[in-house]
Amino acid sequence: MTVDSLNRFAAQKLEQLTATSLHRKLVPTRALTAGVVHRDDRELVSFASNDYLGLCRHRETTAANLAATRAAGTGSGASRHVTGEHPLYGKLERALAAFKGTEDAVVFGSGYLANIGIVPALIGRDDLIVIDELCHSCLYAGATLARAKVVTFEHNDASSAAALIDRHRANHPRCLILTEGVFSMDGDRAPLRDLLDIAARTDAWLMVDDAHGVGVVENGRGSVIDNGRPLAIPLQMGTLSKAVGAYGGYLCTSRDVADLIRNRARSLIYTTALPPGVLAAALKGIEIIASDAELVAKPLENAQRFAALCALPPPQSAIVPILLETPERALEASRQLEQQGYLAVAIRPPTVPEGTARLRCAFSATHTLEQVEGLAAAMTQVLATL
Ligand SMILES: Cc1ncc(COP(=O)(O)O)c(C=O)c1O
Numbered sequence: 349m350t351v352d353s354l355n356r357f358a359a360q361k362l363e364q365l366t367a368t369s370l371h372r373k374l375v376p377t378r379a380l381t382a383g384v385v386h387r388d389d390r391e392l393v394s395f396a397s398n399d400y401l402g403l404c405r406h407r408e409t410t411a412a413n414l415a416a417t418r419a420a421g422t423g424s425g426a427s428r429h430v431t432g433e434h435p436l437y438g439k440l441e442r443a444l445a446a447f448k449g450t451e452d453a454v455v456f457g458s459g460y461l462a463n464i465g466i467v468p469a470l471i472g473r474d475d476l477i478v479i480d481e482l483c484h485s486c487l488y489a490g491a492t493l494a495r496a497k498v499v500t501f502e503h504n505d506a507s508s509a510a511a512l513i514d515r516h517r518a519n520h521p522r523c524l525i526l527t528e529g530v531f532s533m534d535g536d537r538a539p540l541r542d543l544l545d546i547a548a549r550t551d552a553w554l555m556v557d558d559a560h561g562v563g564v565v566e567n568g569r570g571s572v573i574d575n576g577r578p579l580a581i582p583l584q585m586g587t588l589s590k591a592v593g594a595y596g597g598y599l600c601t602s603r604d605v606a607d608l609i610r611n612r613a614r615s616l617i618y619t620t621a622l623p624p625g626v627l628a629a630a631l632k633g634i635e636i637i638a639s640d641a642e643l644v645a646k647p648l649e650n651a652q653r654f655a656a657l658c659a660l661p662p663p664q665s666a667i668v669p670i671l672l673e674t675p676e677r678a679l680e681a682s683r684q685l686e687q688q689g690y691l692a693v694a695i696r697p698p699t700v701p702e703g704t705a706r707l708r709c710a711f712s713a714t715h716t717l718e719q720v721e722g723l724a725a726a727m728t729q730v731l732a733t734l
């Protein structure tokens, strides 16, 4: 039984969302591969998944998941600090640290949980957070939980970050700079070397969320690689839920910071550990990314092919946005593409800023040339009708 005022509140909010084309509906969709889904009794070629390498359904990740599940069951039963610390955690953390060239790594239940745990474990009420204006919602959530002073810098503008740090740094004992390596809705890469220089000059700590970089850019090693060499970024966060093909999040960092995070991050301590099958699949996913250069090159090649056919600037990642300004135009474009057999999701505020609603096309290693060229032709035709 719900209270009348509660239902009225919900109905009013929903009305507002519907009136502004911002109401979202969950549509049952079964992925057949990373690039093909089954929805409403139809097969659609999908450009909506972050399974950039097709590892969610890869023979080896699936086999690893099944073997661990058969051996250890479907759940972990408790938090990592209680009895959930399956030996696969240590194996996966060592593999992640080796992959990133850091001393240690810490695995979380998801990328979202990682960000809302890491930031407040390191930064408090008296401190300063300087964050790119287009950062993902969970980095902002982490910043809010830290209760620090939060200032936003202009997207990918290192001089804007520097100016803010110069203005505020002296009033705060610690300063954290937050950015994404590859931006989730724009697909562009952050100026990490410049941000690292600023961090060094101002004694700030740089944290990079590379959810969309690992497995895709720089031979799959992610956006912290600069001219073939890793940048010494002290806090390298990522997710196991996208290119890696499993589920979970992680932080690659120094031994001491990792130890502190295991002791202080509430979203690691007060939540049930990941199921062993998920850890095993993630471990296999990292192994594949580290060893299959041909596979990790494909998402970017597909994105580049699409962009060239649509006369768009060359993409820096597997994500290509088609900016359409209003939610109505984005929804209409998505609807027309779906009629032609393509799934490209409309992304609307508050996920992206007002006036920048878009289609977000995400390319996978599993897309064929024919599928990519088909989307480009359909997109060109749909955009001409809007
Ligand atoms: C930049 C970024 N960070 C973090 C996350 C959250 O990761 P997860 O899906 O593993 O919770 C996402 C996912 O949408 C993301 O795009």
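Residue numbers for the sequence shown follow my numbering, so the first one is 349 and each next one is one higher.
Where is the CB? At the ideal position from N, CA and C, for every residue including glycine.
| Item | Value |
| --- | --- |
| Ligand 1 and E528: does any heavy atom of the ligand fall closer than 7 Å to the residue's C-beta? | yes |
| Alpha carbons only, please: which of C709, E635 and V668 is nearest the one belonging to L440? | E635 |
| Are L392 and Y690 touching if we call contact CB-CB under 8 Å? | yes |
| Starting from S508, trace the alpha helix (DSSP H) both ways and give me its first and last residue. | A506 to H516 |
| Taking S353 as part of the alpha helix (DSSP H), name the residues at either end of that continuous run. | D352 to A367 |
| Any idea which residues DSSP pairs A710 with across the strands? | I667 |
| Can S665 be considered in contact with ligand 1, in the sense that its beta carbon sits closer than 7 Å to one or more heavy atoms? | no |
| Go through its chain and collect everything with a Cβ distance to R706's Cβ below 8 Å, but skip five positions before and after it. | M533, P669, I670, L671, L672, A678, A694, I695 and V700 |
| Using the three-state DSSP reduction, which class does Y488 fall into: helix, strand or coil? | helix |
| Taking A453 as part of the beta strand (DSSP E), name the residues at either end of that continuous run. | D452 to F456 |
| Buried or exposed for V730, going by 16 or more other Cβ atoms inside 10 Å? | buried |
| Below 7 Å, is the gap between the Cβ of A559 and the nearest heavy atom of ligand 1? | yes |
| Quick one: using the 10 Å Cβ neighbour count with 16 as the cut-off for buried, is G529 buried or exposed? | buried |
| For S394, report the span of its beta strand (DSSP E) as first-last. | R390 to S394 |
| Between V565 and S682, which are expected to be in contact by the criterion C-beta below 8 Å, what is the C-beta distance as a whole number of angstroms? | With 8 Å as the limit, V565 and S682 do not qualify as a contact, their Cβ atoms being about 26 Å apart. |
| Going by C-alpha to C-alpha distance, which of I479, D514, L444 and A629 sits closest to A415? | A629 |
| What runs of the beta strand (DSSP E), each 3 residues or longer, lie entirely inside the segment 613–692? | 667–673 |
| Across which residues does DSSP place D480 in a beta bridge pair? | F501 |
| For the candidate residues A379, V454, L660 and K361, whose alpha-carbon lies nearest to that of C600? | V454 |
| Taking only three categories from DSSP, how would you classify I525? | strand |
| Relative to the alpha-carbon of A510, which residue among L444, D551, G472 and P521 has its alpha-carbon at the smallest distance? | D551 |
| Closest by CA to I703, which one among L370, R442, L354 and A426? | Note on residue identity: the sequence assigns Gly, not Ile, to residue 703. For G703, the nearest C-alpha among the options comes from L370. |
| On a Cα-Cα basis, can you pick out the residue from E721, G438, D607 and P675 that is closest to L734? | P675 |
| If you follow the alpha helix (DSSP H) that G561 is in, where does it begin and where does it stop? | Element bounds for G561: n/a, residue is neither H nor E. |
| Should A518 go down as buried or exposed, given a rule of 16 or more other Cβ atoms within 10 Å for buried? | exposed |
| Is the beta carbon of Y488 within less than 7 Å of some heavy atom of ligand 1? | no |
| In the DSSP output, what is Q584 paired with across the bridge? | V556 and C600 |
| Can you give the Cα-Cα distance for Y400 and G586, rounded to whole angstroms? | 14 Å |
| With respect to the beta strand (DSSP E) encompassing R428, which residues constitute its N-terminal and C-terminal limits? | It is not in any beta strand (DSSP E) - R428 carries neither H nor E in the DSSP assignment. |
| Could you give the distance in angstroms between the alpha-carbon of L540 and the alpha-carbon of T527? | 9 Å |
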